[in-house]
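Residue numbers (my numbering): 3 to 183.
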């Protein structure tokens, strides 16, 4: 009887360990899937923004913004003009994004994604900035879309040491352009 009890306890311990390890693996897989989803969505949004800027498509850029952001942003059309004119006649030829961060998840909404990016223009100049958008919000669909574009007409190295990203840090919707030259 004693041997049977010990054998059952050992079996239960082994099964418990297997279930715990499987649970951890599944959690890691879920986090990895969420991160790859967020990266895919960030790249798609970033590429749409670049396409609109390069083709000077003001209406296309406006449509990327969520309906609620379009209402909240004061002088949106003027800000879009300023953003498109920032590059002048030069085209954005290279874009790099760091791994985006998010609040929410694929199962907890709203899912907001924010990421830093680097644009390289055809004249060799580099611009650094941030993009923030709501990807999923089933309860408030008017919040889905671009919320903030914040860009600086220089590279990360050219930013002053005490530089603060006003739009991203405030959480306000808008187009924020910083001139450092």
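Ideal Cβ positions, reconstructed from N, Cα and C, are used throughout, including at glycine.
Considering only 90, 158, 149, the residue with the shortest C-alpha distance to residue 120 is 158. A direct Cα-Cα distance of roughly 20 Å separates residue 181 from residue 97.
The C-alpha of residue 71 lies about 32 Å from the C-alpha of residue 125. Distance from the CA of residue 140 to the CA of residue 4, rounded to the nearest whole angstrom, comes to 57 Å.
Per DSSP, reduced to three states, the secondary structure at residue 181 is coil, with no helix or strand assignment.
In this structure, DSSP gives residue 63 a helical state, which the three-state scheme calls helix. Beta-carbon to beta-carbon, residue 88 and residue 153 are separated by about 7 Å, close enough to satisfy the 8 Å threshold.
When the beta-carbon positions are compared, residue 177 and residue 151 come within less than 7 Å of each other. In the three-state scheme derived from DSSP, where H, G and I count as helix and E and B as strand, residue 152 is classed as strand. Counting other Cβ atoms within 10 Å of its Cβ, residue 118 reaches 16 or more and is therefore classed as buried. Residue 169: member of the alpha helix (DSSP H) spanning 168-172, first to last residue.
For residue 114, the enclosing beta strand (DSSP E) begins and ends at 113-123. In this structure, the CA atom of residue 123 is about 34 Å from the CA atom of residue 143.
Secondary structure of residue 136 (DSSP, three-state): strand.
Residue range 69-74 is occupied by the alpha helix (DSSP H) that includes residue 73. Counting along the chain, residue 97 sits inside the beta strand (DSSP E) bounded by residues 94-99.
The closest CA to that of residue 50, considering only 148, 155, 84, is found on 148.
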